[in-house]
Amino acid sequence: MKRIILKKLLWLPLIALLLNGCAVGKKVTPDIAHSRIEEALTNERNTAQDTFEQKVVIDVHNINNEYHMFGNDFDKVKTTILIKGQDLNTDRKKFKMNVDMDLRILKDVRKMIDIIGTEKVYYVDDYLYENFRYKYRRADEFFFTKEHVKYKSNVGKIYFTPGEKLVSYINSNLLPGVIPTQIDYNAMLQYIERRPQNVIARELAGILTIKFSLSEEDYIRDQAIQSLGHLDYYNLTDEEKALVENQIQAKIKEIRDKYSLKKHQFMIQVGQDGFIRKTVLERNLSHTYKLCESCSESTKTIRDKVEITTKINKNVIIVFPPFRGYLQIAPS
57 MKRIILKKLL
67 WLPLIALLLN
77 GCAVGKKVTP
87 DIAHSRIEEA
97 LTNERNTAQD
107 TFEQKVVIDV
117 HNINNEYHMF
127 GNDFDKVKTT
137 ILIKGQDLNT
147 DRKKFKMNVD
157 MDLRILKDVR
167 KMIDIIGTEK
177 VYYVDDYLYE
187 NFRYKYRRAD
197 EFFFTKEHVK
207 YKSNVGKIYF
217 TPGEKLVSYI
227 NSNLLPGVIP
237 TQIDYNAMLQ
247 YIERRPQNVI
257 ARELAGILTI
267 KFSLSEEDYI
277 RDQAIQSLGH
287 LDYYNLTDEE
297 KALVENQIQA
307 KIKEIRDKYS
317 LKKHQFMIQV
327 GQDGFIRKTV
337 LERNLSHTYK
347 LCESCSESTK
357 TIRDKVEITT
367 KINKNVIIVF
377 PPFRGYLQIA
387 PS
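In this note's numbering, the protein residues as written are 57 to 388.
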């Protein structure tokens, strides 16, 4: 019994070392992290992608208590998108896309539409197969209306335009236009450049993890600077910034109670292969405002999380169904 306990105790320092290594890793400066992200984005643009796999998980809640007057595009988006492609540099391309969606679209209370469903798209042997299964209901309806359609069309060879990748082709041609899938990396790079003190970057086993978190104070200051409109604040000299600081502080005092920020953070991982392998963006913020002087105050709250995982030129497996029961239609 003592021998077993002793063996366990001998393992404890090693386990602690491994756990601490996973949590810590090698510290990387914000400027190097910024450069590595830029390099990864360049690699993705310039590298010929023979295989591709990407999973996008979107969870958005957009709450606006004045939508019944002026309308929102969305109140809720819960979506998972999976894209896989093989032989993408040949004329024997094949790919698949699965979309699971749970949407609430608003124009006003009377035009609210709930949509729940799946969309499966396949391209193989010059044929495009589309399998839509969904249900929807409007605000004045208790029961859902169900739809299930399966189409196939001989679209011939698909060729990408110069510089076009599978994900950009799908976003342009196949994804429902209502579903947001793009991450603004330029905005993230600007945050890292402008607020390096908010960056934590560490590298472990060749994987660089960059985390950025924006405080409520930082966020309100950004809103104050943006409200000054013409001011290109971040390109001003220190002397020029000092001259406008009183304006910024006055604006902060004016708008401070109008904003509430509980979370605004993102994480980017750059893999050993030099590509961005994972990105997570999370926000939880509210803005109180008036649409006119005589209007009552309205509050808009946004809670969202977007998580993107990507594999480029890795082993990708695509399993195609038997394609029975698809109605032949002319290519659109």
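Ideal placement from N, C-alpha and C gives every residue a C-beta, glycine not left out.
Residue j beta carbon less than 9 Å from that of residue i
i: L172; j: V362; result: Leu is not the amino acid found at residue 172; the sequence shown has Ile there. Going by C-beta atoms, I172 is not nearer than 9 Å to V362.
i: V211; j: P86; result: no
i: E94; j: T366; result: no
i: K82; j: K149; result: no
i: T107; j: N369; result: yes
i: Y389; j: F200; result: Residue 389 falls outside the range modelled here, since the chain spans only 57 to 388, and no answer is possible.
i: V155; j: D360; result: no
i: I364; j: I239; result: yes
i: L159; j: K134; result: yes
i: S283; j: I311; result: yes
i: E338; j: K319; result: yes
i: K176; j: Y185; result: yes
i: S228; j: N254; result: no
Straight-line Cα distance separating residue j from residue i
i: S342; j: K206; result: 42 Å
i: P377; j: D143; result: 19 Å
i: D278; j: Q384; result: 54 Å
i: I248; j: R189; result: 42 Å
i: Y178; j: D294; result: 56 Å
i: I332; j: T344; result: 36 Å
i: T355; j: C348; result: 14 Å
i: F151; j: V375; result: 10 Å
i: N99; j: H90; result: 14 Å
i: G298; j: I88; result: It is Ala, not Gly, that sits at residue 298 in the sequence shown. One C-alpha to the other measures close to 28 Å.
i: Q105; j: R258; result: 28 Å
i: L292; j: E301; result: 12 Å
i: K208; j: K111; result: 24 Å
i: P399; j: R380; result: The chain is shown from 57 up to 388; residue 399 falls before or after that span and cannot be answered.
i: S316; j: S224; result: 35 Å
i: N187; j: L222; result: 20 Å
i: Y215; j: T103; result: 17 Å
i: K399; j: Q303; result: Beyond the ends of the chain as shown, which are 57 and 388, falls residue 399; an answer cannot be given.
i: Y382; j: T146; result: 26 Å
i: N128; j: A261; result: Model confidence at N128 stands at a pLDDT of 45, short of 50, so the residue's coordinates are unreliable and nothing is read from them.
i: K202; j: I226; result: 26 Å
i: G330; j: D196; result: 52 Å
Heavy atom of the ligand ADP within 8 Å of residue i beta-carbon
i: T98; result: With respect to the ligand ADP, the structure offers nothing, as it holds no ligand at all.
Delimiting residues of the alpha helix (DSSP H) encompassing residue i
i: I326; result: Rather than Ile, the amino acid found at residue 326 in this sequence is Val. Segment 315 to 326 is the beta strand (DSSP E) holding V326; no alpha helix (DSSP H) there.
i: L97; result: 86 to 102
i: R148; result: No alpha helix (DSSP H) contains R148, which DSSP labels as neither H nor E.
i: Q305; result: 294 to 311
i: L222; result: 222 to 229
i: D278; result: 272 to 283
i: E197; result: It is not in any alpha helix (DSSP H) - E197 carries neither H nor E in the DSSP assignment.
i: I248; result: 241 to 250
Beta-ladder partner(s) of residue i, from DSSP
i: E175; result: V155, F188
i: N210; result: Y183
i: E353; result: Per DSSP, none; premise fails for E353.
i: S113; result: Residue identity differs from the one stated: residue 113 is Val in this sequence, not Ser. According to DSSP, which records beta bridges pairwise, V113 is partnered with T136, E363.
i: N118; result: I358
i: G141; result: F108, F151
i: K83; result: R258
Unbroken beta strand (DSSP E) run spanning residue i, endpoints
i: A257; result: 255 to 260
i: L264; result: 263 to 269
i: Y28; result: Outside the shown range of the chain, which is 57 to 388, sits residue 28, and nothing can be said about it.
* the region 294 to 314 / the region 242 to 255 touching (three or more Cβ pairs under 8 Å) -> No: the two stretches stay apart, fewer than three of their Cβ pairs being nearer than 8 Å.
* Give a yes or no on contact between the region 318 to 327 and the region 257 to 265, applying the rule of three or more CB pairs nearer than 8 Å. => Flag = yes, the region 318 to 327 and the region 257 to 265 touch.
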